[in-house]
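Enquirer:
Protein chains: 2
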Amino acid sequence: MSVQERKQRERAERERLIVATARELAEQQGWDAVTTRRLAERIEYSQPVLYSHFRGKREIIGAVALEGATEMAAALRAATSAEHTPRARVTALAHAYLDFAERNPAVYDALFQLDGGLTYAQEDTPEPLKDAFAALLECLTDVAGDGIHPGLFTEVFWASLHGLATLTRAGRLLPGDAGQRVRLLVDRLAVA
Amino acid sequence: MSVQERKQRERAERERLIVATARELAEQQGWDAVTTRRLAERIEYSQPVLYSHFRGKREIIGAVALEGATEMAAALRAATSAEHTPRARVTALAHAYLDFAERNPAVYDALFQLDGGLTYAQEDTPEPLKDAFAALLECLTDVAGDGIHPGLFTEVFWASLHGLATLTRAGRLLPGDAGQRVRLLVDRLAVA
DNA sequence: GACCCGATCCTAGCACCGCTAGACAATCGA
DNA sequence: TCGATTGTCTAGCGGTGCTAGGATCGGGTC
């Protein structure tokens, strides 16, 4: 059975290579540049090999999104754990979120802008996505305020961050005042 | 000169037809379905005719966006003008904004998600875009709060609405609690 | 060691995309 | 009436995501 195991291992390794390469290419040149031909060339296999791992380009985007969700959750938790007051934690969370979006635009797009074939806010939502939302929830529950459902508050806060992230990156908002916008948002939304 | 005038008129008319058809097709079947071939077929001209009006598909998207911006500004002003307190105006504004996004998803995408080749937040930003932002600003200035720049406040409020609109439509938020989310947002962000 | 057979991979091609060159027809001014 | 200009179309380029079908390789069996 050792041969089969080796093959399985190699196959899994190649799958990771595909996802990593797609992500790298997307970060370098944008998702438009991630074509099945280019991707196949970079991993040094022919196009159809991609389709033996994923149903199509959409699923590859989805795989990058899941990888990104795990990283984002970790980044958010790391940023908030260093702070000692609820208010400071929320500020750190907001900055960490926007930083992640700015530093990993392609991953952020895969998560929240593109169609990766993933389901959100459902029971069958993949675990990494649920966990990323949980990372937000953990921090934001403390400042939701009395009588406000933490989930609802988290959704609103998250939507605001998402709006800032996407509008800034799309050139709809000038990046200069980002700090002021975060401060205003946290000041108003978070209950002390 | 009458002949030339007639031709100019017909040409302008055809341009309107292109934009209207693109918009209609996008609303019916999504922007992916708006291909130059299909668009040409619908207006009953050949493909190259499109390129005598617009540089390319991107400019067509931009034209739809500008048309949409004008409509959105009008819709926001209409909604807010019926209310008599600042707080009620802001609530009406938020609902009108999200309604517009929900009822005209393709136009909303052209405005804020897709690349229509337009510049935002600059001096050479097209007038309709500036005016749409102005419509938000007019209403939100009253609730920005002391010492807060109305423009900054408007950006943050707008980003929050944009986040809610896009995440909801992309399936990232369930549409059920939309009303509660708006109330929470207005309650916290708007200073009475 | 030779053979079979299944898994694996690639070549070639499909229909479609945005966009454009060049041929052709219609129309205008002289 | 004729030449020039304008307008439109046909045909085609290089690209896209995706797939059918043949070649090749390697493990398991005799």
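Line by line, the protein sequences give chains A and B.
Mapping the first sequence onto this note's numbering, position 119 (from 1) lands on 249, and the numbers just tick up by one.
Mapping the second sequence onto this note's numbering, position 7 (from 1) lands on 137, and the numbers just tick up by one.
Backbone N, C-alpha and C define an ideal beta-carbon position, used for all residues, glycine too.
(1) Helix, strand or coil, according to DSSP, for L315 of chain B in the structure here?
(2) For R188 of chain A, which residues in the same chain have their Cβ closer than 8 Å to its Cβ, ignoring the five residues on either side in sequence?
(3) Could you check where the alpha helix (DSSP H) with I191 of chain B kicks off and where it finishes?
(4) Find out if the Cβ-Cβ distance for the pair F283 of chain B, A295 of chain B is shorter than 8 Å.
(5) One question on the structure: do L228 of chain A and A195 of chain A come within less than 8 Å of each other, judged by their Cβ atoms?
(6) Report the three-state DSSP secondary structure of M131 of chain A (helix, strand or coil).
(7) If the cut-off is 8 Å on Cβ atoms, which residues from the region 172 to 197 of chain A count as contacting chain B, listed in chain order?
(8) Is it buried or exposed for H292 of chain A, if we count other Cβ within 10 angstroms and need 16 for buried?
(9) Any residues in the region 294 to 313 of chain A with a beta carbon nearer than 8 Å to a beta carbon of chain B? Which ones, in chain order?
(10) State the start and end residues of the unbroken alpha helix (DSSP H) segment that holds T298 of chain B.
(11) Alpha carbon to alpha carbon, how far is A152 of chain A from V164 of chain A?
(12) Suppose contacts are defined by Cβ-Cβ distances below 8 Å. Is L259 of chain A in contact with G281 of chain A by that definition?
(13) Give the secondary structure of P256 of chain A by DSSP, where H, G and I count as helix, E and B as strand, and everything else as coil.
(14) State the CB to CB distance for the pair L315 of chain A and A265 of chain A, rounded to an integer number of angstroms; the pair is presumed to be in contact (CB under 8 Å).
(15) Measuring CA to CA, which of B:Q159, B:T255 and B:Q243 is closest to A231 of chain B?
(16) How many whole angstroms separate the CB atoms of A222 of chain B and A204 of chain B, which I take to be in contact at a CB cut-off of 8 Å?
(17) CA-CA distance, V220 of chain B and R136 of chain B?
(18) Establish whether the CB of V286 of chain A and some CB of chain B are separated by less than 8 Å.
(19) By the three-class DSSP mapping on this structure, what secondary structure does T271 of chain B have?
(20) Note down the Cα distance separating T166 of chain B from A320 of chain B, rounded to an integer number of angstroms.
(21) Quick check on L147 of chain B - is its C-beta less than 8 Å from some C-beta in chain A?
(22) Just checking: is the beta-carbon of L100 of chain A within a distance shorter than 8 Å of some beta-carbon in chain B?
(23) Please decide whether H292 of chain A counts as near chain B, where near means a Cβ-Cβ distance under 8 Å.
(24) Exposed or buried, what is R318 of chain B when buried is set at 16 or more other beta-carbons lying within 10 Å of its beta-carbon?
(25) By DSSP, does L244 of chain B sit in helix, in strand, or in coil?
(26) Listing by chain order, which chain B residues have their CB less than 8 Å from the CB of F283 of chain A?
(27) Is the Cβ of F230 of chain B closer than 8 Å to any Cβ of chain A?
(28) Express the C-alpha separation of R299 of chain A and M131 of chain B in angstroms, rounding to a whole number.
(29) Does the beta carbon of A289 of chain A sit closer than 8 Å to a beta carbon anywhere in chain B?
(30) How far does the alpha helix (DSSP H) with V164 of chain B in it reach, from first residue to last?
Expert: In short, the structure shows the following:
(1) Secondary structure of L315 of chain B (DSSP, three-state): helix.
(2) D245, G246 and G247
(3) K187 to S211
(4) Cβ atoms of F283 of chain B and A295 of chain B: not closer than 8 Å.
(5) No, they are not a contact pair.
(6) Low confidence applies to M131 of chain A: its pLDDT is 49, below 50, so where it sits in the model is not reliable, and the reading given next is rough at best. The answer is coil: DSSP assigns M131 of chain A none of H, G, I, E or B.
(7) Contact residues of the region 172 to 197 of chain A toward chain B are absent (C-beta to C-beta distance below 8 Å).
(8) buried
(9) Contact residues of the region 294 to 313 of chain A toward chain B are L294, T296, L297, A300, G301, R302, L303, L304, D307, Q310 and R311 (C-beta to C-beta distance below 8 Å).
(10) P280 to R299
(11) 6 Å
(12) no
(13) coil
(14) That belief does not hold up - the Cβ atoms of L315 of chain A and A265 of chain A are roughly 18 Å apart, past 8 Å.
(15) B:Q243
(16) No, A222 of chain B and A204 of chain B are not in contact; Cβ-Cβ is about 14 Å, not under 8 Å.
(17) 46 Å
(18) yes
(19) helix
(20) 45 Å
(21) no
(22) This structure cannot settle anything about residue 100 of chain A, because the visible part of chain A is limited to 131 through 322.
(23) Under the Cβ distance rule, H292 of chain A counts among the residues neighbouring chain B, one pair being separated by less than 8 Å.
(24) With 16 or more Cβ atoms within 10 Å of its Cβ, R318 of chain B is classed as buried.
(25) coil
(26) L314
(27) no
(28) Bear in mind that the predicted position of M131 of chain B carries a pLDDT of just 47, short of 50, making it unreliable; the figure below should be weighed with that in mind. Between M131 of chain B and R299 of chain A, the C-alpha separation is close to 48 Å.
(29) yes
(30) That residue, V164 of chain B, is in no alpha helix (DSSP H); it is neither H nor E in DSSP.
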